[in-house]
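Going by this note's numbering, the sequence shown opens with residue 18, and the numbers climb by one from there.
The beta-carbon is built from N, C-alpha and C at its ideal position, and this holds for glycine as well.
Working notes, beginning with the structure itself.
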Amino acid sequence: MSSGETPEQSQRASARQQDKARNLYAPAMRYFSMVAESGSIRAASRELNVAASAVNRQILWLEESLGLQLFERVGRRLRLSQAGETLLAHVKRTYSDFDATVAQLDALKGLRRGTVSIASVESFSETLLPDLVTTFRNRYPGIHVSVTVTSSQEAALLVEAAEADVGFTFDPPVTSSLTVAFHQDYQIGALMAPGHPLAAEEMLSLSECLQYPVVLPARGLSIRSRLESVMSRLSSTPRTYVEANSLRFLRALAKGENVIGFQTLIGIEEDLKAGHLVFRPLKDRPLQEDRLSIVTSSLRALALAPGMFFNHAVMLLNDHHRNVVAKKAT
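Quick look at the structure:
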């Protein structure tokens, strides 16, 4: 404590220093590092597979948290300020030391203990998440994995509240406390039995679907919000419908009744392969895409086990996306 400084002032200064340390190791630092290397927000967003607005928001939040300007604009490019140069050097040293430590630990004995808490939407939990958890546990059998299956909104809230390390959700809210660490877009389509009158169509509009009984996802599910944004512009309303907070129930109803459900391709692979359901893309905007995102907290760094799980998840999703694209091309 410096001379003339009260204990309360010293305590507040220490708390501010701890807050800065947490900022330095937050996921936003990865965005900062990529912007510094690429020289622009847009280039960094392409490398990170994250929206440019999200990258820019994290950089602004980081500068505000540190109370320093990290970049200077020179033409169309961003150049590091003196503070930015200092911070980048620290990041490189920290990442290098961390990577070396992890490699040594992994090589000597593997990752034998730790916990990973996951919050996931239902559709992702039915097909992709089991494969992801299984392959991760095969590699790290000592890691305890906890999974909560919930709605899109609740999955994001669990990550924000530090009740989950990693969240798999669609269209997460825009907030400075969440980092969209990875995302992929999936088209929303109409699900129906092969014998449904609209099953012969290659692509449908929502208004065409609403001429038949439909089952709608409950509020709180991301697809419902997108459907409502289109329905509000239509003169027609659902003739008769069921509302459900379970996509599995939605699919079961579409199989056994003459109704139409709505979902992305995630979670319906087996039903499509078996011929129980058909998927017809919807051509209305914004139903062209539903954004699957991996979210983490921007206020705290991932521990070793969740960090390894996150890297494993990104690798698996990239492989899955490449396979989907390859199947479409053939």
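Taking 7 Å as the cut-off, decide whether the C-beta atoms of T239 and D188 are in contact.
Inspection of the sequence shows that residue 239 is occupied by Ser rather than by Thr. Cβ atoms of S239 and D188: closer than 7 Å.
In the DSSP output, which residue or residues are listed as bridge partners for D202?
R308
Out of E89, R93 and V108, point me to the one whose CA is closest to Q99's CA.
E89
With 16 other Cβ atoms within 10 Å as the buried cut-off, status of A271
buried
Ordered list of beta strand (DSSP E) runs contained in the segment 132–173, each at least 3 residues:
132–138 and 161–167
Ends of the alpha helix (DSSP H) at Q228?
Element bounds for Q228: n/a, residue is neither H nor E.
Which term fits E139, buried or exposed, when burial requires 16 or more other beta carbons within 10 angstroms of its beta carbon?
buried
N73 versus A45: straight-line alpha-carbon distance, rounded:
10 Å
Note down, in chain order, each residue of its chain lying with its Cβ closer than 7 Å to the Cβ of V247, except the 5 sequence neighbours on either side.
L223, D301 and L304
Between which two residues does the beta strand (DSSP E) holding V276 run?
Looking at the DSSP string, V276 is not in any beta strand (DSSP E), and its letter there is neither H nor E.
Taking C-alpha atoms, which residue in S62, G131 and P298 lies nearest to A320?
G131
What residues are listed by DSSP as bridge partners for M325?
Its beta-bridge partners do not exist; DSSP assigns none.
Would you say Q201 and L282 are within 7 Å of each other, going by their C-beta atoms?
no
Decide yes or no for the touch test of the segment 154–163 against the segment 218–237: beta carbon pairs closer than 8 Å, at least 3 of them.
no
Separation of F266 from L105, as counted between CA atoms:
50 Å
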